[in-house]
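Each residue of the sequence shown is one higher than the one before, counting from 1 in the UniProt record's numbering. Every residue, glycine too, gets a C-beta built ideally from N, C-alpha and C.
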Amino acid sequence: MESRKTGAGAPGGLVAAAGAGAGAAVLDAGLYRPNLRFRVLRFAGPEARYLAALRMAHDTPGAGIIHVDSMETAERLCRQLRDAGDSACTYHGKLPPATRRLRLRQFRQGARRVMVATPAFGGGMDRHDIRFVIHLRLPASLPAYYRESCRAGRDGLPAQCTLLAPPHSGCGATAPLAAYLQGGACRWRLLLAGLGADADGWDSCGQCDHCGGAGQALMPPRPPLDLAALLTVAGERIVIDFHEDSSKTFMAEFVQAR
């Protein structure tokens, strides 16, 4: 794909994170990553967003990270991914330091395919073949979203960055993040403009959800997730777990009838 010029400006937070002064010039390639495909998918309720993340992580080939807002969500999502046959692990602040280091190492070395992480998951992630990053939580800011998403595709191959949002997701977000969520232009244009880069003259990345690019699959698709496999069956009774951290028992005949 033809490279897009973004100008020399960069947000002070990103410059500072790199150890440079606030007035430092940043190369265009430092912000624009042409192999990253950005999209925002909207769902009416938290359960719908949760199930979308579960299906997406299972169905998407390659390694990935799911950003969630709580330890409870992380553990439950990880458990259901494992029940579906995925190699997954969690990372959150309530884990002992030694366990956090072990899980980082397992994910970095490829022993785990999916990392489900809370905001306690900071820097230090050096894995180049991450094919997807899913945000099940609203990022703290647009620079934070950029940093977390840019863990994907460091090998230069295509990767998908997805933000799962409610229908009216601008409420409570910082102004640049709200503009990214609600704007109708190219996602990369909105992202660069929100980060303080010069996006004047930007046309289209050709692959985000607004520009209409679906991209090519990197590997053969994985078998689709069968939610029925996540149910516990005991004789004629079926126990179904619900997203609200509760479970109910039904007669098998009743479930089949529905």
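C-alpha gap between Asp155 and Asp126, whole angstroms:
11 Å
Q. Per DSSP, what kind of secondary structure is Gly45 in: helix, strand or coil?
A. coil
Note to self: When you compare the CB positions of Leu36 and Ser204, do they come within less than 8 Å of one another, or not?
What the structure shows: no
Quick check: the Cα distance between Leu77 and Ala63, rounded to an integer number of angstroms?
16 Å
Quick one: using the 10 Å Cβ neighbour count with 16 as the cut-off for buried, is Val26 buried or exposed?
Since pLDDT at Val26 reaches only 34, below the 50 mark, its modelled position is unreliable, and no value is offered.
Practice item. Count the C-beta pairs between the stretch 70 to 86 and the stretch 101 to 108 that are closer than 8 Å, then say yes if the count reaches three, no if not. Key: no
Which class does Met71 belong to by DSSP, given the choice of helix, strand or coil? helix
Can you tell me whether Pro143 is buried or exposed? The criterion is at least 16 other CB atoms within 10 Å of its CB, across all chains shown. buried
>> Quick check on this structure: which residue in Phe121, Thr162, Gly110 has the alpha carbon closest to the alpha carbon of Ala53?
In response: Thr162
Q) How would you write the range of the beta strand (DSSP E) that Ala120 sits in, first residue to last? A) Element bounds for Ala120: n/a, residue is neither H nor E.
Margin query: Short of 6 Å in beta carbon distance, which residues of its chain neighbour Ala193, apart from the five on each side in sequence? Order them along the chain.
Written below: Ala199
- Query: Just curious, the beta strand (DSSP E) that Arg131 is in, first and last residue?
  - Reply: 130 to 135
7 Å CB neighbourhood of Ala88 in its chain, flanking five on each side removed: Cys78, Leu81, Arg82, Arg112, Arg113, Val114, Val116
**Q.** Option nearest Trp202 by Cα separation, candidates Arg189, Phe121, Met71
**A.** Arg189
Pull up the DSSP beta-bridge partners for Phe38, would you. Cys161
In the DSSP output, which residue or residues are listed as bridge partners for Cys89?
Met115
**Report entry** Inter-residue Cα distance where the pair is Val40 and Asp129
**Finding:** 22 Å
Here's the rule: buried if 16 or more other CB atoms are within 10 angstroms of the residue's CB, otherwise exposed. What is Thr99?
exposed
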